[in-house]
Amino acid sequence: MTAASADLVPIRRVPVPLDKPIPTGSTNAYLVGDDGALLLDPPGRTAELDEAVDERDVEHLALTHTHPDHVGGVAAYAEETGATVWCRRGREDRFAEFTGIEPDRTFVEGSTLPVAGGLDVLDVPGHAPDHVAFEADFGTVCGDVAIGQGSIAIGAPDGDVRAYLVALRRLYARDPPRLFPGHGPVIEDPRATCERLLRRRLDRERDVLAAVEAGAGDVESVVDAVYDRDLSGMRRFARATVVAHLETLAAHRRVRYDREAETVAPV
Ligand SMILES: [Zn+2]
1 MTAASADLVP IRRVPVPLDK PIPTGSTNAY LVGDDGALLL DPPGRTAELD EAVDERDVEH
61 LALTHTHPDH VGGVAAYAEE TGATVWCRRG REDRFAEFTG IEPDRTFVEG STLPVAGGLD
121 VLDVPGHAPD HVAFEADFGT VCGDVAIGQG SIAIGAPDGD VRAYLVALRR LYARDPPRLF
181 PGHGPVIEDP RATCERLLRR RLDRERDVLA AVEAGAGDVE SVVDAVYDRD LSGMRRFARA
241 TVVAHLETLA AHRRVRYDRE AETVAPV
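Per my numbering: the sequence shown = residues 1 to 267.
Have a look at this one:
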């Protein structure tokens, strides 16, 4: 697809800068459709997002997942637009806890939201337990399942490495024309990106397993072995990633992991 025809796609990305340790320093809100538009993942209010919302008749509001860097504008925009607020069925409590408001309606995998000719809901947990993607013929809004550069955080307790690998494989198999991610620019090579992220995750898993087999006996030693660079400020994330991988490896009986004592051993 050429750049000119890509411009006709009925979706607008509005990056919202946030003062949080997140990839690219901003989170993307999206507006899908013109009349009766859907506002996705408003992370906060900015003049640009206010303007983009004002330009459209926003009738629906939804989230790819309830992480703090995706939800800060939900209550304000819901009130201002009077939009129908959607949530993954079964995740209403979590939605209310993170956004401060109750959803109006729920969807499940396979539901179609009535915007831009129909947006289909796909369950893609892993980065977060309630993570969904929204599919249309012009592409898929994938939230934090994929990112154009760097990698996606899969950290305990929210992250589930096994589920995340399934989510990436599902996106790969569905072969969307482009991915609209939660952070950074639109991804024009979805399959290559999914492959890169899969490889990265499997490499990380292999590193964690190798560290345990080489004698790292607790979570901290595995973190030190896997991340040989200075982790100042990022250690909490590195640790959460290592724990998520240890949970997966333990579930596959490839390591012994004592969650309470935070000790590990080879099988
Ligand atoms: Zn997230």
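For every residue, glycine included, the Cβ atom is placed at its ideal position computed from N, Cα and C. Note that the structure is predicted; figures quoted are calculated from it, not measured.
Inset, instruction - Please classify V145: is it buried, with 16 or more other beta-carbons within 10 angstroms of its beta-carbon, or exposed? - result: Here residue 145 refers to the residue found at position 145 when the sequence shown is read from its first residue. V145 should be labelled buried.
Legend entry - Cβ shell of R254 (< 7 Å), same chain only, five flanking positions each side left out: Counting from 1 along the sequence shown, the entry for residue 254 is found at position 254. Counting only Cβ-Cβ distances below 7 Å, and skipping sequence neighbours, we find L209 and V267.
Legend entry - Sub-8 Å separation of L198 and L168 beta-carbons: Locating residue 198 in the sequence shown gives position 198, counting from the first residue. Locating residue 168 in the sequence shown gives position 168, counting from the first residue. Closer than 8 Å, so yes.
Legend entry - At least three beta-carbon pairs within less than 8 Å, the segment 71 to 78 to the segment 111 to 128: no
Inset, instruction - Compute every distance between the C-beta of D41 and the non-hydrogen atoms of ligand 3, then say whether any falls below 7 Å. - result: With respect to ligand 3, the structure shown offers nothing to examine, as its ligands consist of ligand 1.
Inset, instruction - Please confirm whether R45 and Y30 have their CB atoms less than 8 Å apart. - result: Taking the first residue of the sequence shown as position 1, residue 45 is located at position 45. Taking the first residue of the sequence shown as position 1, residue 30 is located at position 30. Contact flag unset, no.
Legend entry - CA-to-CA distance, L40 to V124, given in whole angstroms: Against the sequence shown, residue 124 aligns to sequence position 124. Against the sequence shown, residue 40 aligns to sequence position 40. Between V124 and L40, the C-alpha separation is close to 16 Å.
Legend entry - C-beta atoms of T84 and E59 nearer than 8 Å: Your numbering for residue 84 matches position 84 in the sequence shown. Your numbering for residue 59 matches position 59 in the sequence shown. In this structure, E59 lies closer than 8 Å to T84 by Cβ.
Legend entry - Through-space distance from R196 to G150, alpha-carbon basis: On the sequence shown, position 150 is the one that residue 150 refers to. On the sequence shown, position 196 is the one that residue 196 refers to. Roughly 10 Å separates the two Cα atoms.
Legend entry - CB contact flag (G184, T64, <8 Å): As a first step, residue 184 is located in the sequence shown; it is residue number 184 there, counting from the start. As a first step, residue 64 is located in the sequence shown; it is residue number 64 there, counting from the start. For G184 and T64, no; Cβs fall outside 8 Å.
Inset, instruction - Quick one: using the 10 Å Cβ neighbour count with 16 as the cut-off for buried, is G72 buried or exposed? - result: Sequence index remark: in the sequence shown, residue 72 carries index 72 (1-based). It counts as buried.
Legend entry - CA-to-CA distance, F138 to K20, given in whole angstroms: As a first step, residue 20 must be located in the sequence shown, where it is residue number 20. As a first step, residue 138 must be located in the sequence shown, where it is residue number 138. Spanning the two alpha carbons is a distance of roughly 31 Å.
Inset, instruction - For V58, write down the residues that DSSP places opposite it in a beta bridge. - result: Taking the first residue of the sequence shown as 1, we reach residue 58 at position 58. Answer is A37.
Legend entry - CA-to-CA distance, G159 to P42, given in whole angstroms: On the sequence shown, residue 42 is found 42 positions in, with the first residue counted as 1. On the sequence shown, residue 159 is found 159 positions in, with the first residue counted as 1. Answer to the nearest angstrom: the Cα atoms are 22 Å apart.
Inset, instruction - Take the Cβ of D258 as the centre, count every other Cβ of all protein chains shown within 10 Å, and call the residue buried at 16 or more, exposed below. - result: On the sequence shown, residue 258 is found 258 positions in, with the first residue counted as 1. It counts as exposed.
Inset, instruction - Flag D144 as yes when its Cβ comes closer than 7 Å to any non-hydrogen atom of ligand 1, and as no otherwise. - result: If you number the sequence shown from 1, residue 144 lands on position 144. Yes, since a heavy atom of ligand 1 falls inside the 7 Å radius drawn around the Cβ of D144.
Inset, instruction - In the DSSP assignment, find the alpha helix (DSSP H) that holds L63 and state where it starts and stops. - result: Taking the sequence shown and counting its residues from 1, the one referred to as residue 63 is at position 63. Per DSSP, L63 belongs to no alpha helix (DSSP H) and is neither H nor E.
Legend entry - Nearest candidate by alpha-carbon position, reference A265, set A211, A225 and A96: Stepping through the sequence shown from its first residue, residue 265 is reached at position 265. The option with the nearest alpha carbon to A265 is A211.
Legend entry - Simplified DSSP state of D123, which is helix, strand or coil: Stepping through the sequence shown from its first residue, residue 123 is reached at position 123. Correct three-state label for D123: strand.
Legend entry - Cα-Cα separation, P103 to D175: Your numbering for residue 103 matches position 103 in the sequence shown. Your numbering for residue 175 matches position 175 in the sequence shown. About 31 Å.
Inset, instruction - Verify the contact flag: D160, CB atom, against every heavy atom of ligand 1, threshold strictly below 7 Å. - result: Mapped onto the sequence shown, residue 160 falls at position 160. Answer for D160: no, Cβ out of range of ligand 1.
Inset, instruction - May I ask which residues mark the beginning and end of the beta strand (DSSP E) holding T106? - result: Counted from its first residue, the sequence shown places residue 106 at position 106. R105 to F107 is the span of the beta strand (DSSP E), which, as asked, contains T106.
Legend entry - Neighbour-count burial assignment, I147, 16 or more Cβ in a 10 Å radius: The sequence position of residue 147 within the sequence shown is 147, counting from 1. I147 comes out buried.
Legend entry - Residues bridged to R256 (per DSSP): Reading the sequence shown from its first residue, position 256 is the one you call residue 256. For R256, which the question treats as bridged, DSSP gives the partners A265.
Inset, instruction - Return yes when the Cβ of L122 is within less than 8 Å of the Cβ of A136, no when it is not. - result: Counted from its first residue, the sequence shown places residue 136 at position 136. Counted from its first residue, the sequence shown places residue 122 at position 122. No, the Cβ-Cβ distance between A136 and L122 is not below 8 Å.
Inset, instruction - Look at the Cβ atom of D218, then the Cβ atom of T248, and state whether they are nearer than 8 Å. - result: Position 218 of the sequence shown, counted from the first residue, corresponds to residue 218. Position 248 of the sequence shown, counted from the first residue, corresponds to residue 248. No, the Cβ-Cβ distance between D218 and T248 is not below 8 Å.
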